[in-house]
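Heads up: the protein sequence lines correspond to chains A and B, in order. Letter by letter, the first sequence follows residues 1 to 211 in the working numbering. Letter by letter, the second sequence follows residues 1001 to 1797 in the working numbering.
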Amino acid sequence: MVAMEGKSEHIVLVVDDDESVRVALTNLFRSINLKVEVFNSAAELLQSKLPDFASCLVLDIRLPGVSGLEFQDTLAKAGIRIPIVFMTGHGDIPMSVKAMKAGAVDFLPKPFRDQDMLDAVTRALDQDRRRRDGDKAASQLRHLFETLTRREREVMSLVTSGLMNKQIAHELQVSEITVKIHRGHLMRKMEARSLADLVRMAELLRIRRQD
Amino acid sequence: MPTPAPSGRPQSQVILNYGIAVLAAMATIAVEIAFNRFWGINPSVSLLLCAIMFVAWISGTGPALLTTALMVLAFDYLLLEPIYSLALDAKEVPRFALFAVASLFIVWLSAVQQRTAASLRRARDEQQETVKELQVLNETLRIENAERRRAEDALRESEAELAKARYEGQLIIDTVPVLILRHRADGVIDFVNQVGRSYSGLTATNWTRRTSAITHPDDIPQIEAMWDVALVTGEPFETEARLRRADGEYRWFATRRVPLRNDDGEVIAWYAATYDIEDRKRAEDALREREAQLAEARRELELTIDSIPVMVSTFDADGTRSFVNQTWQNYTGHTGREATGKGLNSSVYYHPDDVRRFENAWRVSQAKGEMLSIDVRTRRADGVYRWYTMRRAPRRDEKGNIVKWYSVGVDVEDQKAAENALRRSETQLANAERELRLTLDSIPALVWRAGLEGSPDFLNQPALDYTGLSLDQAETGWPRAFHPDDRKGMLVKWTAIRASGMPGGLEARLRRFDGEYRWFSFQAVPLRDESGNIVKWYGSSTDIEERKRAESALHDARTALAHASRVTMLGEISATIAHEVNQPLAAIITNGQACLRFLRHETPDLEDVRGALEWIVKDGNRASGIIQRVRGLLKNTGIQKTPLDVNDVIGEVAALLQRELDAQDVILRLELAPALPPAIADRVQIQQVIINLTMNGVDALQAINDRPRGLLVRSSRNEAGQVVVAVKDSGVGISLENASRVFDPFFSTKPGGLGIGLSICRSIIEDHGGRLWTSDDRDGPGATFQFSLPTQRADVH
C-alpha cells in the first residue's frame, strides 16, 4: 500500500466523460487519501486554474472532441508539464506506444488493476514533485547566478569546463590571481561547496562550455 | 173510594152503610171503654169525632148522622157527668151541646165535601162522556178525511191522466211531421198545429184564408179551384203545392183534406194533413235527369264502341253474331246487316290455314262456357290478312246460363312481326350464352357474380368444382367456404368494396372440396346501368397458393437476412459495444477496490463505502442493459409489432453509437418532435434501420474534412398521421445516376460493401406498412434518407 505522507500537497486531476469512471476513480484515490478533482472534458480542464503543487493528470485517451494524444501535445506546447497517466477502454495499442513516447507516465487499459493505477499516479506525483523541486532549485540557482558579475560568470563557465586557472587567465587575458579571486567570489555567491558542486550547478544552468 | 151513586142506590148498599155506622159507633165505644178499663186512659172525644168522620167518609151523611147520634150518646155516657150514664148534668150541657154541634158540623162538612166530590165526579164523568163522544167524532172525521183524500187523489190522478192524454194528444198533433190544419165549414182555417206554425214561422192569426198564407202564388189557383169543388161535393181531396218555410225557402208539400160531418151528415169542419214531399219531388227530378244522362251516356257509349280501333262484336247464346261495331265493319268491309243474324259464315273472315283451328277453339269455348282467346289472321276489306288476337267472353244471367258472348279483336300484326324477330334474336342470344358459359367454365379461374347484398348468384363450373358446393349452397352459405381466420376480415373488406363502388380485391383462404385451404386473390368490379347505379358485382378469383408460399419463403429468407445483417452490423460496431460495456465494468472494479481500501482505514468512513457500492450497482445495471440491447439485436425472432415511441428508439441508437460518432468526429444533432403518436413497429428492427442509416451517414462523412461532419436525425409526423424519421448527413451525397439504384440489393458505393443494408432496411420498413426513400437535399451537400411508419393498427389478414 502506498501511503502518502502529508508533508506536501498533491492532487490528482481526472478527466473522463463517463461519470461512472470519474466517481470510481475519485473513490479509489480518496481511499488512500489522495486529493482528486474531476473534469468532464479537456476543455473544462484547460479553463480551470491548474494547481501549482504536485499534481498529475489521469486522462482517457479518447475524449469527445479531442484525442488524448493531441491534448498531450497541446499541453506540452503550452508548457504545461503535468505528468499524464492515460487510460483507455478501446485497447489502442499503437496509440499507447505513441503516448508513452510522448512522455506519458503510464497507459492503462480499462478495466485496470487498482494497484497499477495507484502506482502510476504515485509515480506521476513523485515525478511532478521532483520536477517542481528541481525547477525550484534551478530557479534559485539562477537567482544566485544573477548576482554574479560578468567576469565571474565567464570564470564559472570556464572553470566548470575543466580549464585550469592558468588557462582561464589566458583565455580571459587576466592574471591568474584575478581568476582565483573571481573563483572564490563566485564559489561563495553560488554557495557551492566544491568544484563538483559548481560543475553540477553549471550543468543545471547550462552554462558549462562543452568541448 | 167506594162512592155510592147519589141516586138509585141498591138497598144492600144502604144497609151496609148503616151497618157500618152502627159498628163504628160500637167499636169506638168499646175501644173507649177498653182503654179506660185496662190502661186507665180517659175516654177521648177525638176518638168519637174520628168515628163520626170515618163513617161520614165511608158511608155518607145518613149513616154519619146515625153515628153522630150514637156518639153523642156515647159522649154523654162516657164523658159527661155522670159517667157511665145517660143522665146529663146541667153543667155538662154546654159540653154536650158543643160536642153535638161539633159532630154535626163534621157531618155537614163531610156531606158538603161529599157533594162536591160527587159533583166533581159527575163533572168528570160528563167530561169523560164528552171526551168519548169527541173521540168517536174524531174517528169518524178521520175516516171521512181519509176517504175524502182518497177521493181527491183519485180525482187528481184522473185529472193528471186527462192532462197527460191531452198533452200527448197535443204532442202528437204538434210532433207528427205533418202540418195539421183545421178549416171551418166554409174552408177558412181556424187551427194550425205547432209543426205548421214552426215551419212557416207564422202564428195562428195569420192563417185566415182558405188556402194557407204560405202557399206559393203559382200553386194557389189550382188549390182554390179544388176547394170550390170540394165545398160543393164535400169529398176529400188532395193537392200538391209549394209552401214557404220560415226562412223563405219553398218546399213541395202534399195535402189531403177530409171533411168532418156531424150526426146529420153536415160538414162542420175540414181537417187537412200536409206532408213534405220536397225530397220526393227532388228525387223525381233527379230521376228524370239521370234518365236523360243515361240516354246521353248510352249515346256516348255507342259512339265509343264504334270509334275505338278494336273490333267489337257480340254473339247470342247460340253463337250467332248479333252486333258488330263500326271498326269491324270498316275493317272487314261487311256491313252490320250482312254480318249479324244468320249472316256470313265466320270462315269467310279468317285465313284458310287458321279457320280449322279457330272453329275448334270456338266450339270448345262455347261448350265449356270459357273465354276464347286466340290469335288468328283476319281478312281485311282489301284481301290482306293481318294477325288479330280474338277474345270472346261470355255473360251469364243469375242462373248461370250464358246469355251473350262479347268479342274483341285487336290488331297484333306488328307485334307478331316483332315477336318473330325477338325469337330469332333470342335464339342467337342463347347460342351466345352457351358459348360464354363454355368459356367461363373453361378458364382456369373462379368466376362469380354477386348481387348488391354480396351473395353470389352465379358461379362458374370451376368455382363449383373447387368448393364442391352447389349454387344454392353457395348463395346462402358462401362465407363458410372461407378459412375461419380470414372470414371476418374478408367480410369487412367485401362490404367496404361494395360500399365504395370501386373495383377492389382481397386475399383470403378458400376451402377446397377436400377440406384443404388455399390462398386466393379475389378481384371484383361493379356493373352499372345507364343511370350509373350498380346492379351487379362481377369477380374472378385466382389461386395464389403457390405465390403465397413463395412469398412466405421469401419473407423468411428476408428475416434471416435481416438477422444476418444485424449480426454483421453488430460486428461492425462491436468495438463500440465493447467499449460501452468496458466503462461500467472498469468503474465497478475500481469502486470495489476503493471500498476495500476504505475498509482498511483505522476508522473507515462507511458513507464513502456506501457511495461506492451504490455506484457499483448502478454501473452493473448499465452494463447489463447494454448486453441486453445487444442480445436483442442478435435475436432472430419474427416481427413483433408493438406501439413504439420512435424518439425513444432514436435516443437509444444515439447512445449506442455515441463513441462511434465521436471516434469519427461526427456531430450528431437530434430534432425530435414532441408528442409523437406511437408507431406500430418492431423495436429491434426499427433500431436496425436507424443504426444502418446512421452508420451510412457516418461512412458518407468519412471523406469530409473541409466542413463539419454533421449528422441530423429528425422525427416528425406527416399529414397522414404517420411517424417520419429522417437521417441527414452533410457528406458526399448521392449522385443522380446512383439515386435510383441506392435501394437495390448488392449495390454499394462503399469499397468492400455488401450493399444489402439499404435493401434490407427497405423491406423491413415496407413490412411494417411504411416507406423508405431518399430525398434531394437542396439546402447543402449530403443525402437524406427518410422512412415512414404507420401509427394506426390496421386489420391485416
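All C-beta atoms, glycine included, are put in the ideal place defined by N, C-alpha and C. Computed from a prediction, not measured in an experiment: that's the story for all the values here.
Notebook entry, point to check: Which one of B:1417, B:1389 and B:1785 has the shortest CA to CA distance from residue 1700 (chain B)?
Noted result: As a first step, residue 1700 (chain B) must be located in the second sequence, where it is residue number 700. Residue 1700 (chain B) has its Cα closest to that of B:1785, out of B:1417, B:1389 and B:1785.
Item checked: beta strand (DSSP E) segment containing residue 1077 (chain B), residue limits -> One-based indexing of the second sequence puts residue 1077 (chain B) at position 77. Residue 1077 (chain B) -> no beta strand (DSSP E), and no H or E assigned at all.
Note to self: Would you say residue 1661 (chain B) lies against chain A (beta-carbon separation less than 7 Å)?
What the structure shows: If you number the second sequence from 1, residue 1661 (chain B) lands on position 661. No - not a single Cβ of chain A is within 7 Å of the one on residue 1661 (chain B).
Note to self: Pull the bridge partners of residue 60 (chain A) from the DSSP assignment, please.
What the structure shows: Your numbering for residue 60 (chain A) matches position 60 in the first sequence. BP columns for residue 60 (chain A) point to A:87.
Notebook entry, point to check: What residues in its chain sit with their C-beta under 6 Å from that of residue 1092 (chain B), if we drop five residues either side in the sequence?
Noted result: Position 92 of the second sequence, counted from the first residue, corresponds to residue 1092 (chain B). Correct list, in chain order: 1080 and 1081.
Notebook entry, point to check: Expressed to the nearest angstrom, what Euclidean distance is found between the alpha-carbon atoms of residue 206 (chain A) and residue 149 (chain A)?
Noted result: As a first step, residue 206 (chain A) is located in the first sequence; it is residue number 206 there, counting from the start. As a first step, residue 149 (chain A) is located in the first sequence; it is residue number 149 there, counting from the start. Those two C-alpha atoms are separated by around 17 Å.
Next item on the list: Per DSSP, which residues does residue 67 (chain A) bridge with? Please list them.
Entry: Counting from 1 along the first sequence, the entry for residue 67 (chain A) is found at position 67. According to DSSP, residue 67 (chain A) bridges with A:62.
Notebook entry, point to check: When DSSP labels each residue in this structure, what does residue 23 (chain A) get in the three-state scheme?
Noted result: Sequence index remark: in the first sequence, residue 23 (chain A) carries index 23 (1-based). Here residue 23 (chain A) sits in helix by DSSP.
Checklist line | Contact with chain A by residue 1736 (chain B), beta-carbon distance below 7 Å | finding: What you label residue 1736 (chain B) is simply residue 736 of the second sequence in a count that begins at 1. No, because no Cβ of chain A sits closer than 7 Å to the Cβ of residue 1736 (chain B).
Item checked: CA nearest to the CA of residue 1198 (chain B), picked from B:1211, B:1180 and B:1048 -> Counting from 1 along the second sequence, the entry for residue 1198 (chain B) is found at position 198. Among B:1211, B:1180 and B:1048, the Cα nearest to that of residue 1198 (chain B) is on B:1180.
Checklist line | C-beta neighbour in chain B for residue 68 (chain A), strict 7 Å | finding: Your numbering for residue 68 (chain A) matches position 68 in the first sequence. Answer no: the Cβ-Cβ gap between residue 68 (chain A) and chain B never drops below 7 Å.
Item checked: Beta-carbon contacts of residue 1178 (chain B) that lie in its chain and below 6 Å, excluding the five residues immediately before and after -> As a working mapping, residue 1178 (chain B) is identified with position 178 in the second sequence. Excluding residues within five positions, the ones whose Cβ falls inside 6 Å are 1273 and 1275.
Notebook entry, point to check: Since residue 1589 (chain B) meets chain A, which of its residues come closer than 7 Å, beta carbon to beta carbon?
Noted result: Position 589 of the second sequence, counting from 1, holds the residue named residue 1589 (chain B). Going along chain A in sequence order, the residues near residue 1589 (chain B) (Cβ under 7 Å) are 111.
Note to self: Using a Cβ-Cβ cutoff of 7 Å, what residues of the segment 4-37 of chain A are near chain B? List them in chain order.
What the structure shows: 18, 20, 21, 23, 24, 25, 27, 28, 30, 31 and 32
Notebook entry, point to check: Should the segment 17-28 of chain A be called in touch with the segment 1580-1587 of chain B, which here means at least 3 C-beta pairs below 8 Å?
Noted result: yes
Margin query: Taking its Cβ as the centre, do 16 or more other Cβ atoms sit within 10 Å of residue 1811 (chain B), making it buried, or is it exposed?
Written below: The question about residue 1811 (chain B) has no answer, for chain B in this structure spans 1001 to 1797.
Note to self: I'd like the list of long-range same chain contacts for residue 1020 (chain B), defined as Cβ closer than 7 Å, with 5 residues on each side in sequence excluded.
What the structure shows: Taking the second sequence and counting its residues from 1, one reaches residue 1020 (chain B) at position 20. Result list for residue 1020 (chain B): 1055, 1058, 1059 and 1063, in chain order.
Notebook entry, point to check: Roughly how many angstroms lie between the CA atoms of residue 1138 (chain B) and residue 1158 (chain B), to the nearest whole one?
Noted result: One-based indexing of the second sequence puts residue 1138 (chain B) at position 138. One-based indexing of the second sequence puts residue 1158 (chain B) at position 158. Spanning the two alpha carbons is a distance of roughly 30 Å.
Next item on the list: Write down the C-beta distance between residue 1594 (chain B) and residue 1644 (chain B) rounded to the nearest angstrom, noting that I regard them as a contact closer than 8 Å.
Entry: By 1-based counting over the second sequence, the position of residue 1594 (chain B) is 594. By 1-based counting over the second sequence, the position of residue 1644 (chain B) is 644. Contact flag wrong, Cβ pair sits at about 40 Å.
Check: By Cβ distance below 7 Å, which residues in the same chain neighbour residue 1088 (chain B) in space, the five residues on each side in sequence not counted?
Finding: The residue you call residue 1088 (chain B) lines up with position 88 of the second sequence. The residues are 1076, 1080 and 1096.
Notebook entry, point to check: Does the beta-carbon distance from residue 1462 (chain B) to residue 1474 (chain B) come in below 7 Å?
Noted result: Counting from one through the second sequence, the residue named residue 1462 (chain B) turns up at place 462. Counting from one through the second sequence, the residue named residue 1474 (chain B) turns up at place 474. Not closer than 7 Å, so no.
Next item on the list: State buried or exposed for residue 1494 (chain B), treating a residue as buried only when at least 16 other CB atoms are found within 10 Å of its CB.
Entry: Taking the second sequence and counting its residues from 1, the one referred to as residue 1494 (chain B) is at position 494. Burial call: buried.
Margin query: Give me the residue from A:71, A:93 and A:53 with the minimum Cα distance to residue 46 (chain A).
Written below: Within the first sequence, numbered from 1, the residue matching residue 46 (chain A) stands at position 46. For the residues A:71, A:93 and A:53, the minimum Cα distance to residue 46 (chain A) belongs to A:71.
Item checked: Neighbour list for residue 94 (chain A) in chain B, Cβ cutoff strictly below 8 Å -> For the purposes of this step, residue 94 (chain A) is taken as the residue at position 94 of the first sequence. Within 8 Å Cβ-Cβ: nothing; residue 94 (chain A) doesn't reach chain B, min ~14 Å.
Next item on the list: Could you check the C-alpha separation between residue 1660 (chain B) and residue 1580 (chain B) for me, to the nearest Å?
Entry: If you number the second sequence from 1, residue 1660 (chain B) lands on position 660. If you number the second sequence from 1, residue 1580 (chain B) lands on position 580. Going by the C-alpha atoms only, they are around 10 Å apart.
Next item on the list: Measure from the C-beta of residue 1664 (chain B) to each C-beta in chain A and report whether the shortest distance is under 7 Å.
Entry: Here residue 1664 (chain B) corresponds to residue number 664 of the second sequence, with the count starting at 1. No, residue 1664 (chain B) does not count as interfacial toward chain A.
Margin query: Closer than 8 Å is the cut-off here; do at least three beta carbon pairs connect the segment 137-151 of chain A with the segment 1628-1637 of chain B?
Written below: no
Item checked: Proximal residues, the segment 39-72 of chain A versus chain B, C-beta separation under 8 Å -> 62, 64 and 65
Next item on the list: Can you tell me which of B:1366, B:1690 and B:1642 puts its alpha carbon nearest to the alpha carbon of residue 1319 (chain B)?
Entry: Position 319 of the second sequence, counted from the start, is the residue given in the question as residue 1319 (chain B). Of the candidates B:1366, B:1690 and B:1642, the one whose C-alpha sits nearest the C-alpha of residue 1319 (chain B) is B:1366.
Next item on the list: Spell out whether any CB of chain A is found under 7 Å from the CB atom of residue 1586 (chain B).
Entry: Here residue 1586 (chain B) refers to the residue found at position 586 when the second sequence is read from its first residue. Yes, residue 1586 (chain B) lies at the interface with chain A (some Cβ there is under 7 Å from its Cβ).
Check: Cβ of residue 1522 (chain B) less than 7 Å from any chain A Cβ?
Finding: As a working mapping, residue 1522 (chain B) is identified with position 522 in the second sequence. So no, residue 1522 (chain B) is outside the interface.
Item checked: Cα-Cα separation between residue 1260 (chain B) and residue 1161 (chain B), rounded to whole angstroms -> To locate residue 1260 (chain B), count along the second sequence from 1; it is residue 260. To locate residue 1161 (chain B), count along the second sequence from 1; it is residue 161. Computed Cα separation, rounded: 27 Å.
Next item on the list: Using the Cα positions of residue 1598 (chain B) and residue 35 (chain A), report the straight-line distance between them to the nearest angstrom.
Entry: In the second sequence, counting from the first residue as 1, residue 1598 (chain B) sits at position 598. In the first sequence, counting from the first residue as 1, residue 35 (chain A) sits at position 35. For residue 1598 (chain B) and residue 35 (chain A), the distance between alpha carbons rounds to 14 Å.
Check: residue 1730 (chain B) and residue 1781 (chain B): beta carbons closer than 7 Å?
Finding: On the second sequence, residue 1730 (chain B) is found 730 positions in, with the first residue counted as 1. On the second sequence, residue 1781 (chain B) is found 781 positions in, with the first residue counted as 1. Yes; because the gap between Cβ atoms is below 7 Å, this pair is in contact.
Checklist line | Contacting residues, own chain, Cβ-Cβ under 7 Å from residue 201 (chain A) (five flanking each side not counted) | finding: As a position in the first sequence, residue 201 (chain A) is number 201, starting the count at 1. So the list reads 141, 190 and 192, once near-sequence residues are dropped.
Margin query: For the alpha helix (DSSP H) containing residue 100 (chain A), name the first residue and the last one.
Written below: As a working mapping, residue 100 (chain A) is identified with position 100 in the first sequence. Per DSSP, residue 100 (chain A) belongs to the alpha helix (DSSP H) from 93-101.
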